[in-house]
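Chemist: Residue numbers (this note's numbering), protein chains in the order written: chain S, 160 to 588; chain L, 66 to 454. Sharing a structure here in structure tokens format.
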Amino acid sequence: MSAVKEAVKDASMQKQKEMIAGNYERLATAKETGTKVVSTFVPGNLNELIMCFDMVNNLPEINAIQNGMRKKTGALILEAEKRGHSEDVCTYVKADLGMLAKGNLGPDGRPLPDPDLLLLSYTGCFTFMKWFELLRHQFGCETAMLHVPYEGDGSFSANMRDYVVRQLKEEVIPKLERVSGVKFDIDRLRQYLKESARAEEDLVWVLQSSKHKPSPIDAYFGGTYYIGPIFTAFRGTADAGEFYRLLRQEIAERIAKKEGPVTPDGEIHEERYRLVVEGPPNWTSFRDFWKMFYDEGAIVVASTYTKVGGVYDLGFRHDPEHPLESLAEYCAGCYTNRNLPSRIDLIETYIRDYDADGLLINSIKSCNSFSAGQLLVLREIERRTGKPAAFIESDLVDPRYFSPSNIRTRLESYLQMIEQKRSTAAAAA
Amino acid sequence: MTGTREIIARCESLFEDLDFGYAREWKAAQAGRKVVGYMPFYVPRELIHGSGALPLGVLGGGDQLEVIQGDAYYQSYICRIPRSTIELALSGRLDCVDAMLFPSICDVIRNLSGMWKILFPKVRSFYFDLPQNFRDEVGGAFYIHELEELRGVLAELRGRGIGDEEIRASIALYNENRRLVRAVYGLRSREPWKAPSSEVYLLMRAGMILAVEEHNRLLRQYIEASQSEERPRRDNARVVVVGAFCEQPPLNLLKSIELSGCYIVDDDFMLVNRWERGDVPEDGDPVQALALSYLHNSGDTSAKYEPDQSKKGLYLVEAVKTSGAEGVIMAMPSFCDPALLERPMLQSVLSAHGIPYIAFKYAENSGQMQPIREQAGTFADSIKLWSEQ
Ligand code: SF4
Ligand code: SF4
Chain S
160 MSAVKEAVKD ASMQKQKEMI AGNYERLATA KETGTKVVST FVPGNLNELI MCFDMVNNLP
220 EINAIQNGMR KKTGALILEA EKRGHSEDVC TYVKADLGML AKGNLGPDGR PLPDPDLLLL
280 SYTGCFTFMK WFELLRHQFG CETAMLHVPY EGDGSFSANM RDYVVRQLKE EVIPKLERVS
340 GVKFDIDRLR QYLKESARAE EDLVWVLQSS KHKPSPIDAY FGGTYYIGPI FTAFRGTADA
400 GEFYRLLRQE IAERIAKKEG PVTPDGEIHE ERYRLVVEGP PNWTSFRDFW KMFYDEGAIV
460 VASTYTKVGG VYDLGFRHDP EHPLESLAEY CAGCYTNRNL PSRIDLIETY IRDYDADGLL
520 INSIKSCNSF SAGQLLVLRE IERRTGKPAA FIESDLVDPR YFSPSNIRTR LESYLQMIEQ
580 KRSTAAAAA
Chain L
66 MTGTREIIAR CESLFEDLDF GYAREWKAAQ AGRKVVGYMP FYVPRELIHG SGALPLGVLG
126 GGDQLEVIQG DAYYQSYICR IPRSTIELAL SGRLDCVDAM LFPSICDVIR NLSGMWKILF
186 PKVRSFYFDL PQNFRDEVGG AFYIHELEEL RGVLAELRGR GIGDEEIRAS IALYNENRRL
246 VRAVYGLRSR EPWKAPSSEV YLLMRAGMIL AVEEHNRLLR QYIEASQSEE RPRRDNARVV
306 VVGAFCEQPP LNLLKSIELS GCYIVDDDFM LVNRWERGDV PEDGDPVQAL ALSYLHNSGD
366 TSAKYEPDQS KKGLYLVEAV KTSGAEGVIM AMPSFCDPAL LERPMLQSVL SAHGIPYIAF
426 KYAENSGQMQ PIREQAGTFA DSIKLWSEQ
């Protein structure tokens with residue numbers, strides 16, 4: 160790699176690192192600085208709105224992911240189970256509750272502050288409500304519920320939009336005002352939304368860069384890093400805008416030089432397989448998991464996980480002209496809030512538009528929201544596209560459910576299937 | 066007079082008939098009739114009935130159905146009810162169903178609504194979102210729209226609109242049904258030996274299948290018959306069973322609990338049967354009446370948000386108090402996030418009120434009852450010992 164490329168890559172990576180550290184710093188010092196803390200979820204995350212009240216955003220899923228990557232979640236989950244939480248339920252919840260039970264130390268080892276407000280953006284997952292009820296039980300703090308209706312019939316109706324907007328006006332904003340002591344200023348919100356839309360434009364460009372051959376990015380493993388700022392506590396900030404500008408520059412260079420994705424072990428030189436992946440990754444063995452792919456030259460060109468915090472590639476952008484309506488539409492449009500037929504349509508489009516060899520589903524034990532119905536997704540995609548699909552099983556942050564040998568074997572036989580398909584096609588041609 | 070044995074035999078044959086013969090016959094009896102299936106935990110059956118259709122509760126295949134194809138659609142770590150429900154449909158047992166309603170209870174049922182659209186495109190699959198905001202002008206306004214949309218779907222199914230009068234008439238019938246259901250529950254909690262839970266369960270399951278007019282008759286007959294029959298009274302512990310609001314426990318599980326020395330005096334098996342706590346107004350705008358009843362006068366369960374933290378879980382304490390129970394059995398389906406995540410909160414409320422409890426998991430096809438019998442038996446003994454001290 161050239162020195163220039165290193166510098167550009169370092170710049171975006173460095174930027175994100177600083178942003179994350181900065182947010183944990185704000186959280187760690189929130190009590191001293193008098194900053195109010197709001198806990199909320201990734202899908203349907205109302206970051207721009209939260210910023211209007213000078214509050215700092217704490218995302219339990221991100222804490223679980225960060226702890227997972229640091230291999231701390233196994234012990235946290237056991238702690239939660241010891242305290243009576245069932246082995247059957249979502250491990251994000253248990254990793255979070257285990258973390259609380261063990262002193263609520265954040266991934267950086269410093270104590271996380273108690274939230275002043277639990278903002279339950281109830282989007283795309285029923286477990287969220289239980290999770291927040293459990294947290295409320297623990298903290299006894301104020302809770303605001305934003306119920307986002309599910310797109311059961313595949314669309315977002317005016318009734319749904321009005322319902323969400325009314326809740327924002329009558330439930331969420333008054334509570335944010337009360338807890339923060341800051342008056343709501345809709346022009347401030349518009350400003351942040353403008354910033355969001357710009358960054359979203361760049362994010363989409365980045366995610367769609369994998370249509371190139373070779374793909375300059377891995378849109379699943381690498382993708383989790385690209386979605387970071389927009390999906391979490393930074394959407395709407397100038398920092399996020401800058402991050403995506405830097406990233407876009409870096410990827411534009413890679414495209415110009417026909418370079419493949421960068422992995423923890425360096426650049427992939429040969430793109431042998433182009434895959435679409437459905438489902439979240441495993442975090443406790445993230446690097447090993449990714450390595451299984453790049454060792455084989457398997458690049459993920461599109462993934463659904465990078466749409467859990469917004470399906471921007473279908474055209475949605477936050478709209479400063481219609482701030483609250485746009486937040487409502489955003490919440491409803493997150494991937495797991497779309498019905499199964501829409502999810503299948505999206506995957507089918509990915510297979511075709513990204514010229515993929517097939518679909519791989521990483522089915523997550525924890526997550527009914529993603530997983531229930533995935534075997535039908537697999538069949539449908541095979542039927543519609545004629546491309547092979549495969550199924551592996553793991554978990555998000557519970558190391559007990561990550562079996563490297565099983566996953567490697569499944570992946571290898573899947574890639575062989577693709578090879579076979581290719582040779583049959585070549586013979587027929 | 067029809068005796069309880071005869072009534073329950075009828076209910077049992079309805080329960081065991083996995084081909085839904087009753088619904089088929091009902092449908093065939095008159096041209097143009099429709100059957101509308103629904104899943105737990107709640108749908109406004111008044112609208113279905115008001116459209117002239119038969120509401121049919123679909124609660125999985127239980128322990129009698131051999132699941133062959135259904136397993137190919139679900140990973141091992143997902144509960145049983147969706148796979149056996151898919152099995153029922155793929156094997157043609159549900160082919161009398163013209164529309165299926167999937168209420169917002171959990172991600173599994175939610176996703177099943179989409180699977181239904183793909184697998185059974187001729188059946189109208191409708192995801193029915195219940196509000197989690199209980200203010201009239203917010204959640205209420207949304208819910209009225211949802212109800213009107215459902216009304217539109219049902220009207221389309223039958224080919225003409227549904228009048229307010231028709232819905233009001235159905236509300237009156239379901240009000241009567243709920244009064245009778247509550248009467249049976251009341252009777253059981255007062256004299257549980259006269260209305261064993263395995264019987265009450267079958268009687269309530271019959272309400273998932275029969276036309277409401279017929280279920281009302283059956284409930285009345287049972288109330289009368291059970292009052293007049295003498296049955297041996299046992300020195301059992303009185304318990305509430307909670308957590309079985311979706312996937313149903315096998316009947317044998319209830320029998321095992323009873324055999325182990327417990328009287329079940331309240332439960333949450335089929336919440337739809339008595340979801341509204343009182344009568345839904347029979348005058349005025351019927352859709353609004355249904356909406357307001359849901360918002361302000363309905364039951365509580367895991368899938369419904371409790372905005373007031375201080376009230377969280379108190380529904381169970383209330384159930385214990387009103388039914389005069391001495392303890393709680395938490396029987397929850399394996400892999401059921403709504404039930405199992407609710408459990409720790411319920412346990413903590415119960416502990417705060419000094420109410421003893423035990424917890425175990427089941428699947429609708431669980432066969433091994435010995436461990437449950439032992440656990441429930443020990444629980445019953447400890448309750449009795451405790452009350453003697
Ligand atoms: S069930 Fe899935 S979407 Fe819901 S909290 Fe768990 S991991 Fe997230
Ligand atoms: S048993 Fe639980 S997880 Fe399964 S479908 Fe019912 S509510 Fe959902």
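Built from N, CA and C at the ideal position, the CB exists for glycine as well. The structure presented is a predicted model; accordingly, all values stated were derived computationally and were not measured.
Considering Phe550(S), what are the terminal residues of the alpha helix (DSSP H) in which it resides?
Modeler: Reading the first sequence from its first residue, position 391 is the one you call residue 550(S). Element bounds for Phe550(S): not the alpha helix (DSSP H) but the beta strand (DSSP E), Ala548 to Ser553.
Chemist: Should Pro482(S) be counted as a contact of ligand 2 given a C-beta to heavy atom distance under 7 Å?
Modeler: Within the first sequence, the letter at position 323 stands for residue 482(S). No, Cβ of Pro482(S) sits at least 7 Å from all heavy atoms of ligand 2.
Chemist: Exposed or buried, Ile345(S), counting other C-beta atoms within 10 Å across all chains shown (16 or more means buried)?
Modeler: For this step, residue 345(S) is matched to residue 186 along the first sequence. It counts as exposed.
Chemist: Is there at least one non-hydrogen atom of ligand 1 closer than 7 Å to the beta-carbon of Phe445(S)?
Modeler: For the purposes of this step, residue 445(S) is taken as residue 286 along the first sequence, with counting starting at 1. Incorrect: Phe445(S) has no Cβ contact closer than 7 Å to ligand 1.
Chemist: Please name the residues in the segment 548-572 of chain S whose beta-carbon is closer than 7 Å to at least one beta-carbon of chain L, in chain order.
Modeler: Glu552
Chemist: Could you check if Glu295(L) belongs to the surroundings of ligand 2, using beta carbon to heavy atom distance under 7 Å?
Modeler: The sequence position of residue 295(L) within the second sequence is 230, counting from 1. With a cutoff of 7 Å, Glu295(L) does not count as near ligand 2, since its C-beta is closer than that to no heavy atom of the ligand.
Chemist: Note down the Cα distance separating Ala276(L) from Tyr239(L), rounded to an integer number of angstroms.
Modeler: Numbered from its first residue, the second sequence carries residue 276(L) at position 211. Numbered from its first residue, the second sequence carries residue 239(L) at position 174. So the two alpha carbons sit approximately 11 Å from each other.
Chemist: DSSP three-state label for Asp33(L), please.
Modeler: The structure shown does not extend to residue 33(L), since chain L spans only 66 to 454, so no value can be given for it.
Chemist: Rounded to whole angstroms, what's the CA-CA distance from Tyr192(L) to Leu177(L)? Just pull it up for me.
Modeler: Numbered from its first residue, the second sequence carries residue 192(L) at position 127. Numbered from its first residue, the second sequence carries residue 177(L) at position 112. Tyr192(L) and Leu177(L): Cα-Cα distance of roughly 9 Å.
Chemist: Ligand 1 and Phe448(S): does the residue's C-beta get closer than 7 Å to at least one heavy atom of that ligand?
Modeler: Within the first sequence, numbered from 1, the residue matching residue 448(S) stands at position 289. Incorrect: Phe448(S) has no Cβ contact closer than 7 Å to ligand 1.
Chemist: Consider the C-beta atom of Tyr251(S) and the heavy atoms of ligand 1; say whether any pair is separated by less than 7 Å.
Modeler: If you number the first sequence from 1, residue 251(S) lands on position 92. For ligand 1, at least one heavy atom lies less than 7 Å from the Cβ of Tyr251(S).
Chemist: List, in order along the chain, the chain L residues whose C-beta lies closer than 7 Å to that of Tyr281(S)?
Modeler: For the purposes of this step, residue 281(S) is taken as residue 122 along the first sequence, with counting starting at 1. Under the 7 Å cutoff, chain L gives Gln197.
Chemist: Which value, in whole angstroms, describes the spacing of the CA atoms of Met160(S) and Arg349(S)?
Modeler: Position 1 of the first sequence, counted from the first residue, corresponds to residue 160(S). Position 190 of the first sequence, counted from the first residue, corresponds to residue 349(S). Because the pLDDT at Met160(S) is just 32, under 50, the model does not fix this residue reliably, and the point stays unresolved.
Chemist: Which residue comes first and which comes last in the alpha helix (DSSP H) that contains Tyr385(S)?
Modeler: By one-based count along the first sequence, residue 385(S) stands at place 226. From DSSP, the alpha helix (DSSP H) with Tyr385(S) extends over Phe380 to Phe390.
Chemist: Is it the case that the CB of Trp290(S) approaches a heavy atom of ligand 1 more closely than 7 Å?
Modeler: Here residue 290(S) is taken as the residue at index 131 of the first sequence, counted from 1. Indeed, a heavy atom of ligand 1 lies less than 7 Å from the Cβ.
Chemist: Assign Trp451(L) to buried or exposed, taking buried as 16 or more other Cβ atoms, counted over all protein chains shown, within 10 Å of its Cβ.
Modeler: Here residue 451(L) refers to the residue found at position 386 when the second sequence is read from its first residue. Result: exposed.
Chemist: Cα-Cα, which of Lys187(L), Leu245(L), Cys144(L) and Phe199(L) is closest to Ile174(L)?
Modeler: The count along the second sequence starts at 1 and reaches residue 174(L) at position 109. Minimum Cα distance to Ile174(L) is reached at Cys144(L).
Chemist: Nearest-angstrom Cα distance between Ile179(S) and Tyr432(S)?
Modeler: Along the first sequence, one-based indexing puts residue 179(S) at 20. Along the first sequence, one-based indexing puts residue 432(S) at 273. Roughly 33 Å between the two C-alpha positions.
Chemist: One question on the structure: do Phe106(L) and Ile170(L) come within less than 8 Å of each other, judged by their Cβ atoms?
Modeler: Taking the first residue of the second sequence as 1, we reach residue 106(L) at position 41. Taking the first residue of the second sequence as 1, we reach residue 170(L) at position 105. In contact: Phe106(L) and Ile170(L) (Cβ atoms closer than 8 Å).
Chemist: Against chain L, with Cβ distances strictly below 8 Å, would Val460(S) count as a contact?
Modeler: Within the first sequence, residue 460(S) is the residue found at index 301, counting from 1. No, Val460(S) does not count as interfacial toward chain L.
Chemist: Less than 7 Å between the CB of Cys311(L) and some heavy atom of ligand 2, yes or no?
Modeler: Sequence index remark: in the second sequence, residue 311(L) carries index 246 (1-based). Correct: Cys311(L) has its Cβ closer than 7 Å to ligand 2.
Chemist: Using beta-carbon positions only, say whether Arg407(S) and Val459(S) come within less than 8 Å of one another.
Modeler: Translated into positions along the first sequence, residue 407(S) becomes position 248. Translated into positions along the first sequence, residue 459(S) becomes position 300. No, the pair does not count as a contact, with Cβ atoms beyond the cut-off.
Chemist: Kindly say whether Arg130(S), judged by its beta-carbon, lies nearer than 8 Å to any beta-carbon of chain L.
Modeler: Summary: the structure shown does not reach residue 130(S), with chain S confined to residues 160 through 588, and so no result is reported for it.
Chemist: Kindly confirm or deny that the segment 293-300 of chain S and the segment 255-275 of chain S touch, where touching means at least three C-beta pairs closer than 8 Å.
Modeler: yes
Chemist: Should Ser314(S) be labelled buried (16 or more other beta-carbon atoms within 10 Å of its own) or exposed?
Modeler: Locating residue 314(S) in the first sequence gives position 155, where the first residue counts as 1. Exposed, because fewer than 16 other Cβ atoms sit within 10 Å of the Cβ of Ser314(S).
Chemist: Can the beta-carbon of Arg285(L) be found closer than 8 Å to that of Leu245(L)?
Modeler: Sequence index remark: in the second sequence, residue 285(L) carries index 220 (1-based). Sequence index remark: in the second sequence, residue 245(L) carries index 180 (1-based). Yes, they are a contact pair.
Chemist: Specify, as a first and last residue, the run of the beta strand (DSSP E) that Thr302(S) falls within.
Modeler: Taking the first residue of the first sequence as position 1, residue 302(S) is located at position 143. Glu301 to His306 is the span of the beta strand (DSSP E), which, as asked, contains Thr302(S).
Chemist: Leaving out the 5 sequence neighbours to the left and right, which residues in its chain are closer than 7 Å to Ala378(S) when beta-carbon positions are compared?
Modeler: The residue labelled residue 378(S) in the question sits at position 219 within the first sequence. Excluding positions up to five away in sequence, the list reads Leu366, Ser369, Val459, Val460, Ala461, Ser462 and Thr465.
Chemist: Excluding the five sequence neighbours on either side, which residues of its own chain have a C-beta within less than 7 Å of the C-beta of Lys164(S), listed in chain order?
Modeler: Against the first sequence, residue 164(S) aligns to sequence position 5. Low confidence applies to Lys164(S): its pLDDT is 40, below 50, so where it sits in the model is not reliable enough to give any reading.
Chemist: Measure the Cβ-Cβ separation of Tyr320(L) and Glu294(L) and say whether it is below 8 Å.
Modeler: For the purposes of this step, residue 320(L) is taken as the residue at position 255 of the second sequence. For the purposes of this step, residue 294(L) is taken as the residue at position 229 of the second sequence. Correcting the residue identity first, residue 320(L) is Lys in this sequence and not Tyr. In this structure, Glu294(L) does not lie closer than 8 Å to Lys320(L) by Cβ.
Chemist: Determine the chain S residues that contact Phe106(L) at a beta-carbon separation under 7 Å, and present them in chain order.
Modeler: Here the question's residue 106(L) lines up with position 41 in the second sequence. The premise fails here: Phe106(L) is roughly 12 Å from chain S at the closest Cβ pair, so nothing lies under 7 Å.
Chemist: Can you give me, in chain order, the residues of the segment 76-91 of chain L that have a beta carbon less than 7 Å from any beta carbon in chain S?
Modeler: none
Chemist: Check whether the segment 328-344 of chain L and the segment 245-253 of chain S touch, using three or more Cβ-Cβ pairs below 8 Å as the test.
Modeler: In this structure the segment 328-344 of chain L does not touch the segment 245-253 of chain S; the number of beta carbon pairs closer than 8 Å is below three.
Chemist: Considering only C-alpha positions, which residue in the set Leu434(S), Phe452(S) and Glu409(S) is nearest to Asp424(S)?
Modeler: Walking along the first sequence from the start, residue 424(S) turns up at place 265. Asp424(S) has its Cα closest to that of Phe452(S), out of Leu434(S), Phe452(S) and Glu409(S).
Chemist: Any heavy atom of ligand 3 closer than 7 Å to the CB of Ile236(S)?
Modeler: Ligands displayed in this structure: ligand 1 and ligand 2; ligand 3 is not among them.
Chemist: For Arg320(S), which residues from the same chain have a beta carbon less than 8 Å from its beta carbon, with the 5 sequence-adjacent residues on both sides left out?
Modeler: The count along the first sequence starts at 1 and reaches residue 320(S) at position 161. Within the same chain, Arg320(S) has close Cβ partners Glu484, Ala487, Glu488 and Ala491.
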